[in-house]
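Numbering (my numbering), first residue to last: 140 to 556.
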């Protein structure tokens, strides 16, 4: 796959267009299984996770066609319920195919999901809610297998909020017999966007912003065309890239309403921004305050996916920042790599304590998607040359991070080994 080579110390300046959302488009692609025509998703990002989902859908009978940023998914000839383990192992989001496959074929066989190794991410919540809706499931030899004589509506309250389990439940319930009520659901924007797509396909859903989702099952969903929303995490990453380098960046189509927690932290650190004409205009030239103390939280709180990129900013800001990770217990691998660059970061249980200082280039390795992006940010603000290996993790979620950064004046290139 190669590595990224970065020459740091240059403030980023310019405008970048935000790609379509990875976390929104993957469940939308799974939703295509519930209709027997062609779903067109406009603005679909060309990233490794999307390509993996394309291969999975093709393996069970779907037809896939790309036209620039649009993807067409023809599910009229689905002929299998089995997702190859080699594909499932590469991507955590493969687990959301369970609900759609049970809804479409009444059977499922899928390998336990892979993805980033950032902590315990059990599938128990997925299994419990699907079983409550009529599925019979078992986990054996690294595979999830099961069937449903009929998916039936019912009541289910999640023990704890889970984005993926909520998406699986919604996908299983939209064509189930009767009414389904789901309580204590996750409220992330990606769930809202999925429900909007399903309504455009003919589903009867309400309450997705409230944490209590009510679904009246319908017999069939129809094909449609739908715009994939902009990626709030990519937008946040680039905002923080501007912060790390004390630059001025315009984010075209940034979903600012979904970024309120990040923008609040950014403003408290001295960053300035305004939203005008669908663009988020940021100015980080006077960003000089540490993050003090913050915790990652479920939406609408500060997103765990931006914890590592924020640490990269804090590492170069004078003062002490404390960031408490409450979602995943193994999400400080990037911080340990930043130490190789001179970062003064101490990990105490679930909290990273950062004393800001100057960073210098070093050879580091990405072990997960957002941690890899954080190392890019650290490299951009460091003195000298930074080389990042393990870039496959980064390219799971960023369509062209090198091209985007170069368009802002940053010096980064991909070197293929």
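All C-beta atoms in this analysis are idealised placements derived from N, C-alpha and C, irrespective of residue type, glycine included.
Item to check | contact_flag[the segment 390-401, the segment 521-541] where n(CB pairs < 8 Å) is 3 or more | outcome: no
Checklist entry - By DSSP, does residue 101 sit in helix, in strand, or in coil? => result Any property of residue 101 remains undetermined from this structure, which presents the chain solely from 140 to 556.
Item to check | Beta-carbon gap between residue 482 and residue 512 smaller than 8 Å | outcome: As a working mapping, residue 482 is identified with position 343 in the chain shown. As a working mapping, residue 512 is identified with position 373 in the chain shown. No.
Next on the checklist: Once DSSP output is grouped into helix, strand and coil, what is the label at residue 422?
Outcome noted: As a first step, residue 422 must be located in the chain shown, where it is residue number 283. Three-state DSSP puts residue 422 in a strand.
Next on the checklist: Is residue 236 close to the ligand COA? I mean its beta-carbon at under 7 Å from any heavy atom of the ligand.
Outcome noted: Within the structure as shown, the ligand COA is missing, as the structure has no ligands at all.
Checklist entry - residue 266 to residue 234, Cα distance in whole Å? => result In the chain shown, residue 266 corresponds to position 127, counting from 1. In the chain shown, residue 234 corresponds to position 95, counting from 1. About 10 Å.
Checklist entry - In its own chain, which residues sit with a C-beta less than 8 Å from the C-beta of residue 544, not counting the 5 before and 5 after it? => result Position 405 of the chain shown, counting from 1, holds the residue named residue 544. Excluding positions up to five away in sequence, the list reads 151, 380, 515, 519, 551.
Checklist entry - When you compare each of 397, 429, 497 to residue 414 by their alpha carbons, which one comes out closest? => result Start at 1 with the first residue of the chain shown, and residue 414 comes out as number 275. Here the closest residue by C-alpha is 397.
Checklist entry - Starting from residue 333 and walking both ways along the alpha helix (DSSP H), at which residues does that stretch end? => result Here residue 333 refers to the residue found at position 194 when the chain shown is read from its first residue. That run of the alpha helix (DSSP H) goes 328-339.
Item to check | Beta-carbon proximity check, residue 441 vs residue 450, cutoff 8 Å | outcome: Locating residue 441 in the chain shown gives position 302, counting from the first residue. Locating residue 450 in the chain shown gives position 311, counting from the first residue. For residue 441 and residue 450, no; Cβs fall outside 8 Å.
Item to check | Between the CA atoms of residue 310 and residue 254 - distance to the nearest angstrom | outcome: Here the question's residue 254 lines up with position 115 in the chain shown. Here the question's residue 310 lines up with position 171 in the chain shown. Since pLDDT at residue 254 reaches only 48, below the 50 mark, its modelled position is unreliable, and no value is offered.
Item to check | Beta carbon of residue 290 nearer than 8 Å to that of residue 242 | outcome: Here the question's residue 290 lines up with position 151 in the chain shown. Here the question's residue 242 lines up with position 103 in the chain shown. Their beta carbons are under 8 Å apart, which means residue 290 touches residue 242 by this criterion.
Checklist entry - Which residues in the same chain have their Cβ closer than 8 Å to the Cβ of residue 155, if we skip the five residues on either side of it in sequence? => result Here the question's residue 155 lines up with position 16 in the chain shown. Here the set comprises 377, 388, 389, 390, 391, 543, 546, 547.
Checklist entry - For residue 486, is the classification buried or exposed, using 16 other Cβ atoms within 10 angstroms of its Cβ as the cut-off for buried? => result Along the chain shown, one-based indexing puts residue 486 at 347. It counts as exposed.
Checklist entry - If you draw a straight line from the C-alpha of residue 117 to the C-alpha of residue 188, how long is it? => result With the chain represented from 140 up to 556, any question about residue 117 goes unanswered, as that position is not in the structure.
Item to check | Three-way DSSP call (helix, strand, coil) for residue 541 in this model | outcome: Along the chain shown, read from residue 1 onward, the residue named residue 541 stands at position 402. The answer is helix: DSSP assigns residue 541 an H, G or I state.
Checklist entry - With respect to the alpha helix (DSSP H) encompassing residue 167, which residues constitute its N-terminal and C-terminal limits? => result Position 28 of the chain shown, counting from 1, holds the residue named residue 167. Counting along the chain, the alpha helix (DSSP H) containing residue 167 begins and ends at 161-170.
Item to check | Residue span of the beta strand (DSSP E) that contains residue 461, given as start and end | outcome: The count along the chain shown starts at 1 and reaches residue 461 at position 322. Unbroken beta strand (DSSP E) run through residue 461: 459-463.
Checklist entry - What do you reckon, are the CB atoms on residue 476 and residue 182 nearer than 8 Å? => result Position 337 of the chain shown, counted from the first residue, corresponds to residue 476. Position 43 of the chain shown, counted from the first residue, corresponds to residue 182. Contact flag unset, no.
Checklist entry - Considering only residues of the same chain and omitting the five flanking positions on each side of residue 458, which have a CB-CB separation below 7 Å? => result As a working note, residue 458 is residue 319 in the chain shown. Same-chain partners within the cutoff: 428, 429, 495.
Checklist entry - Does the beta-carbon of residue 435 have 16 or more other beta-carbons within 10 angstroms, so that it is buried, or is it exposed? => result If you number the chain shown from 1, residue 435 lands on position 296. Residue 435 should be labelled buried.
Checklist entry - To the nearest angstrom, how far is it from the Cα of residue 340 to the Cα of residue 231? => result As a first step, residue 340 is located in the chain shown; it is residue number 201 there, counting from the start. As a first step, residue 231 is located in the chain shown; it is residue number 92 there, counting from the start. If you take the alpha carbons of residue 340 and residue 231, they lie about 25 Å apart.
Next on the checklist: Since residue 466 and residue 443 should fall inside the 8 Å C-beta cutoff, what is the C-beta to C-beta distance between them, to a whole number of angstroms?
Outcome noted: Counted from its first residue, the chain shown places residue 466 at position 327. Counted from its first residue, the chain shown places residue 443 at position 304. By a beta-carbon distance limit of 8 Å, residue 466 contacts residue 443. Their separation comes to about 4 Å.
Item to check | Whole-angstrom C-beta distance between residue 385 and residue 448, which should lie under 8 Å | outcome: By one-based count along the chain shown, residue 448 stands at place 309. By one-based count along the chain shown, residue 385 stands at place 246. Not a contact, Cβ separation roughly 15 Å.
Item to check | Given 8 Å, three or more beta-carbon pairs between the segment 281-296 and the segment 312-320 | outcome: With a cut-off of 8 Å on Cβ pairs, the segment 281-296 is in contact with the segment 312-320, counting three or more such pairs.
Checklist entry - For the beta strand (DSSP E) that contains residue 277, what are its first and last residues? => result Residue numbering aside, residue 277 sits at position 138 when the chain shown is read from its first letter. Its beta strand (DSSP E) spans residues 275-279.
Checklist entry - Helix, strand or coil: which one does DSSP assign to residue 552? => result Translated into positions along the chain shown, residue 552 becomes position 413. In this structure, residue 552 counts as strand in the three-state DSSP scheme.
Item to check | DSSP three-state assignment for residue 291, whether helix, strand or coil | outcome: Working through the chain shown from its first residue, we reach residue 291 at position 152. Reduced to three states, the DSSP call for residue 291 is strand.
Item to check | Sequence ranges, alpha helix (DSSP H) only - wholly within the segment 208-271, length at least 4 | outcome: If you keep only unbroken alpha helix (DSSP H) runs of at least 4 residues inside the segment 208-271, you get 224-227, 236-244, 263-271.
Checklist entry - Would you report the Cα separation of residue 456 and residue 221, rounded to the nearest angstrom? => result Numbered from its first residue, the chain shown carries residue 456 at position 317. Numbered from its first residue, the chain shown carries residue 221 at position 82. One C-alpha to the other measures close to 50 Å.
Checklist entry - How about residue 461 and residue 492: do their beta carbons lie closer than 8 Å? => result By one-based count along the chain shown, residue 461 stands at place 322. By one-based count along the chain shown, residue 492 stands at place 353. Result yes, Cβ atoms of residue 461 and residue 492 sit closer than 8 Å.
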